[in-house]
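These notes are about the structure you will find just below.
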Amino acid sequence: MENTNYTLNRDDFRKISNDQKDSEFIGRPVVTYWSDAWRRFKKNKLALFSLTLLGIITLLVIVGPYINSYGFDQVVGASNTKPNAEFWFGTDDIGRDIFTRLWKGGRVSIVIGVVGAVIGTVIGGIYGAISGYFGGRVDTIMMRIVEILYSIPYLLLVIIIRLAIKDTGYAPLILAMTITGWCGLARLVRGQILSLKEQDFVLAAKALGVANKDIILKHLLPNTLNVILVSISFDIPGYIFSEAFLSYLGLGVQPPNTSWGAMAAAAQTKFLFYPYQLFFPGFMIALTMLCFTLIGDGLRDALDPSLRD
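Put into structure tokens, the structure is as follows:
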């Protein structure tokens, strides 16, 4: 092949004019994964409205019991008084203010939902990550344990725990609901870890001698946050409904405490005569669960990388 020599000279170069300085300008600002997810979440007007409404409900359950001067367990008027200027939501069968009891009960219901979801997320996330990361016999044994827990009747488990623990508070209730409540998330996280553990960043961490514990906690679990956050948003209304169902059966929160489920259970026998006593707690249960569900839908769409625009 013939070699040709080319000599550079000044005529081969020209100075760029000032109007061409921005030719390499990046038109779209650099954003992080979470800021981009928040941008896409805000585009979902229904999810954003649900988040705002949930914030209002949370504020009311915090300050609502102190808006008027009535205690949630005090007899302040005649029994079964209909809503009026003095008692905004009326009174119950022994004369307690329903407005105050509604927000007091909401505090218990939301706390049970949030705490139960957090406990289930921590246990399920770590358990699923360990199972998926080590695989093999460890994975087989751990998944069989999950299947055994799934096979235990939920209501029977709650009854046994309530009888074994002589406590009328809601700590035993949270314990009963979270014993098997983490199993679903454990399976989801395990599936994510199985697809992540062969990625190059995990192989690089192993090559550098990073401990298995640090690989799981610092490298793998952070990459499953999208699945975990969506799961939490769906688990919270599930725990709230479970608490309401158990309180309706008399296995939930016990007097003098109250919750939305306990209020609905107490009002169902008088529904035909005083429907407002069942309407308010029932409406708040449905509204709160709907808000969390719509927020979960919005998070699922916002955190899905395949939907990025």
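Position 302 of the sequence shown, counted from 1, bears residue number 302 in full-length UniProt numbering, the numbering being contiguous throughout. Idealized CB from N, CA, C, for every residue including glycine.
Original post:
The alpha helix (DSSP H) with E86 in it runs from where to where?
Top reply: From DSSP, E86 is part of no alpha helix (DSSP H); its letter is neither H nor E.
**OP:** Along the alpha helix (DSSP H) that carries L163, what are the first and last residues, could you check?
**Re:** 154-164
**OP:** May I have the straight-line CA-CA distance separating D288 from A205, to the nearest angstrom?
**Re:** With the sequence shown as reference, residue 288 is identified as Thr, and Asp is not the correct amino acid for it. Rounded to the nearest angstrom, the two C-alpha atoms are 43 Å apart.
**OP:** Express the C-alpha separation of P153 and residue 310 in angstroms, rounding to a whole number.
**Re:** Lying before the first or after the last residue shown, residue 310 is absent from the chain, which here runs from 1 to 309.
Original post:
Under 8 Å between the Cβ atoms of I216 and A129?
Top reply: Judged by beta-carbon spacing, A129 lies within the 8 Å limit of I216, meaning their Cβ atoms are closer than that value.
Original post:
In the region 211-261, which residue ranges form an unbroken alpha helix (DSSP H) of at least 4 residues, counting only runs that do not cross its ends?
Top reply: 225-248
**OP:** Could you spell out the range, first to last residue, of the alpha helix (DSSP H) harbouring T178?
**Re:** T178 -> alpha helix (DSSP H) spans 171-181.
**OP:** Using the DSSP secondary-structure output, state which residues sit across from residue 343 in a beta bridge.
**Re:** The chain is shown from 1 up to 309; residue 343 falls before or after that span and cannot be answered.
Subject >> Assigned secondary structure, T32 (DSSP; H/G/I helix, E/B strand, else coil) >> reply: coil
Original post:
How should I285 be labelled, buried or exposed, when 16 other C-beta atoms within 10 angstroms of its C-beta is the threshold for buried?
Top reply: By the 10 Å Cβ count, I285 comes out buried.
Subject >> Inter-residue CB distance, W103 and P65 (contact presumed, cutoff 8 Å) >> reply: 5 Å
Original post:
Nearest-angstrom Cα distance between G125 and I119?
Top reply: 10 Å
Original post:
Who pairs with T288 in a beta bridge, going by DSSP?
Top reply: Partner(s): none; T288 has no beta bridge.
Original post:
Are the region 173-190 and the region 142-151 touching by the rule of at least three beta carbon pairs closer than 8 Å?
Top reply: yes
Original post:
When the Cα atoms are used, what is the spatial distance from P255 to D73?
Top reply: 9 Å
**OP:** Could you tell me which residues DSSP pairs with T91 in its beta bridges?
**Re:** D97
Subject >> Between the CA atoms of K270 and L225 - distance to the nearest angstrom >> reply: 45 Å
Original post:
Which word fits R187, buried or exposed, when buried means at least 16 other C-beta atoms lie within 10 angstroms of its C-beta?
Top reply: buried
**OP:** Write down the C-beta distance between C291 and S69 rounded to the nearest angstrom, noting that I regard them as a contact closer than 8 Å.
**Re:** Contact flag wrong, Cβ pair sits at about 30 Å.
Original post:
What do you reckon, are the CB atoms on P237 and M263 nearer than 8 Å?
Top reply: no
Subject >> Host alpha helix (DSSP H) of F271 (start-end) >> reply: Counting along the chain, F271 falls outside any alpha helix (DSSP H), and DSSP gives it neither H nor E.
**OP:** Kindly indicate the opening and closing residues of the alpha helix (DSSP H) around L60.
**Re:** 45-63
Original post:
Taking three-plus beta-carbon pairs below 8 Å as touching, is the region 196-213 in contact with the region 82-96?
Top reply: no
**OP:** Could you check which residue in D97, P172, G105 has the C-alpha nearest to that of V75?
**Re:** D97
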